[in-house]
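Chains as they are written, first to last, in this note's numbering: chain A, 1125 to 1194; chain B, 876 to 1214.
For every residue, glycine included, the Cβ atom is placed at its ideal position computed from N, Cα and C.
Only a predicted model underlies this, so the values are computations on that prediction, with no experimental measurement involved.
What follows is a single structure, written as structure tokens, with notes after it.
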Amino acid sequence: MAQVTGNIHVGLAALGAAIGVGLIGAKASEAVGRNPGAATKILVQSILAIAFAEGIVFFAIFLATRGWPS
Amino acid sequence: MSPALRTKLGFNRGGITVFRSGLFDALAMMRLIKVILVLLLVAGLPAAVWGAQEAVLSEAHTDPVAHVEDHKAEHVLPAHAVELWRPFGFPITNSMLVTWIVAVGLIVFAQIATRRMQDVPSGLQNFWEWLVEGLYSFLEGIIGQDLVKKTFWFFATIFIFILFANWVGLIPGVGTIGYKGPDGHIAAPWFRGANADLNMTLAMAMVFFLCWTIWALQSNGPIGFLKHLFAPKGETTGLLKLLMIVVFLAVGVLEVISILFRPVSLSFRLYGNIFAGENMLEAMARLVPGWLGSILIPIPFYFMELLVGLVQALVFMLLTAVFTMLICQHDEEHAGAHH
């Protein structure tokens, strides 16, 4: 474990965001399956939710990387 | 395009009365789109200047590190746009160049398409009508009839501009044609995706933030704006009401913080996606040595980047639209109650 260096926080953030995006996608497709008529509304909701989930990764990358202009 | 919508959008030029009484004047809308494009350009300039100076400073700072990295990991895409020329002390970066090309291209494109407006559109006019009408009905379904009339110009412009800026950045030659550095690699490409520059995305996010504030104040009034943020919602009486006031004050503070972070997250999201995409395409081209591998391997990722460009334009537009809707909701509640 002593050799594990680098941007671990970015990896963890990416892991969490990937799980989150997967859950959103699973639930969204399930919802479309239950109510195909609401497909557009569900698409909008899920795109928004996915955008918020993946935003975390960018915060992790930009705010915690060394060498970022400060 | 249905006749009713054509009338509504003002595309129907059959009778002058219909044209005048239409909710939307197509020409005025085009003018508005052009105005906001110019505004975007102007807004992008100071940020780009600041960014260029910052970039130069940070380059000087991290120079020794960069040299070491250069030997280890070949040649990577710089995180900031590279300055190309400096006429009259005004720095021009490669991302600014692409921004201008896209903006001018869109303006010319729209001009040519709407030069001779026809009742039955074909060709370019048909394309723009399809795009604008599609966006209008899509946004109408999300933020409601009244709000879309007031704010459509902004969201349509932001979507169209981001979409084409992203796709122009994917044209082969962008990022690979330019001045050679001393090591034989392209050190200063002439073109770089417009949104692969944090200054551009931040400028757009700040323009939105300004518009958002104006719209919020217009629809709520200064008192209503503060009430919307801090006042308690729901029906309570007595001691519970007092408690609710305190709770909602705290909630309001959190809300203000999250609102202030919106421009940051909006700009980071767009920049991060586009910059990461360009980086990935470069990495994939280097994955297998030899010319065949560097041509074939990036192709699937190229199509993914096309999709990402569309989705990110959509996300930027959707997020800004939803943020606007959330603050202007007071008026919408009564209008929406009839549905």
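Contact set between residue i and chain A, taken where Cβ atoms lie within less than 9 Å
i, result
"B/G1147", "E1178, G1179, V1181, F1182, I1185 and F1186"
"B/V1183", "Neighbours of B/V1183 on chain A: none; closest Cβ ~11 Å, over 9 Å."
Spatial distance of residue i from residue j (CA atoms)
i, j, result
"B/G1068", "B/M1079", "15 Å"
"B/Q986", "B/F1036", "15 Å"
"B/S1138", "B/G1165", "The residue asked about is misnamed: residue 1138 of chain B is Pro in this sequence, not Ser. Those two C-alpha atoms are separated by around 43 Å."
"B/G1016", "A/A1162", "12 Å"
"B/K947", "B/Y1177", "For B/K947, the predicted model reports a pLDDT of 40, less than 50, meaning its position is unreliable and no value from the coordinates is stated."
"B/I1089", "B/A1071", "28 Å"
"A/A1225", "A/A1173", "Examination of residue 1225 of chain A is not possible in this model, given that chain A is present from 1125 through 1194 alone."
"B/I1134", "B/G1056", "43 Å"
"B/A978", "B/V1121", "48 Å"
"B/I1098", "A/G1140", "40 Å"
"A/I1185", "A/I1171", "21 Å"
"B/L1145", "B/L1006", "22 Å"
"B/W1003", "A/I1132", "46 Å"
"B/W1028", "B/V1197", "15 Å"
"A/F1183", "B/I1052", "31 Å"
"B/L1085", "B/R991", "35 Å"
"B/L1124", "B/P1107", "8 Å"
"B/L1045", "B/G1184", "9 Å"
"B/L1141", "B/L1077", "8 Å"
"B/F1100", "B/T1199", "13 Å"
"B/S1012", "B/V1023", "9 Å"
"B/F1105", "B/P953", "43 Å"
"B/S1169", "B/G1048", "15 Å"
"B/L1181", "B/L1010", "19 Å"
"B/Q1216", "B/F1030", "Given a span of 876 to 1214 for chain B in the structure shown, any question on residue 1216 of chain B remains unanswerable."
"B/L932", "A/Q1169", "Caution is warranted here: a pLDDT of 43 is assigned to B/L932, below 50, making its placement in the model unreliable, and the coordinate value is therefore given only provisionally. Straight-line Cα distance between these residues: approximately 42 Å."
"B/V1074", "B/A1062", "Going by the sequence as given, residue 1074 of chain B is Asn instead of Val. Whole-angstrom Cα-Cα distance: 20 Å."
"B/G1147", "B/P966", "24 Å"
"B/V1043", "B/N969", "13 Å"
Residues that residue i contacts on chain B, provided the C-beta gap is smaller than 8 Å
i, result
"A/I1171", "V1186, L1189, V1190 and L1193"
"A/A1175", "R1144, V1190, L1193 and L1194"
Residues bridged to residue i [DSSP beta-bridge criterion]
i, result
"B/G1053", "B/P1064"
"B/W960", "B/I967"
Check: residue i C-beta below 8 Å from any heavy atom of the ligand SAM
i, result
"B/F1191", "Absent from the structure shown: the ligand SAM. Ligands present: none."
Proximal residues of chain B, C-beta to C-beta of residue i below 7 Å
i, result
"A/V1168", "I1017 and L1193"
Chain A residues whose Cβ lies nearer than 7 Å to that of residue i
i, result
"B/V957", "Within chain A, no residue comes near B/V957; the closest Cβ sits about 15 Å away, beyond 7 Å."
"B/S970", "Ordered by position in chain A, no residue passes the 7 Å Cβ test against B/S970, which lies about 16 Å from the chain."
"B/V1197", "L1172"
"B/S997", "Under the 7 Å cutoff, chain A gives no residues; its nearest Cβ is about 28 Å from B/S997."
Proximal residues of chain A, C-beta to C-beta of residue i below 8 Å
i, result
"B/S1012", "Result: empty, since nearest Cβ-Cβ is about 10 Å, beyond 8 Å."
"B/S1133", "Chain A residues near B/S1133: none, gap ~11 Å exceeds 8 Å."
"B/S1094", "Chain A residues near B/S1094: none, gap ~21 Å exceeds 8 Å."
Counting only runs that start and end within the region 972 to 1026 of chain B, where is the beta strand (DSSP E) found for 3 or more residues in a row? none
Considering only residues of the region 1139 to 1186 of chain A, which uninterrupted beta strand (DSSP E) runs meet the minimum length of 3 residues and lie entirely inside it, listed in chain order? none
Just list the alpha helix (DSSP H) runs in the region 1163 to 1194 of chain B, keeping only unbroken ones of 4 residues or longer that don't cross its boundaries, in chain order. 1166 to 1171
Give, in chain order, every residue of the region 1150 to 1170 of chain B whose Cβ lies closer than 8 Å to some Cβ of chain A. none
Could you name each continuous beta strand (DSSP E) segment of 3 residues or more that falls completely within the region 1091 to 1117 of chain B, going from the start of the chain to the end? none
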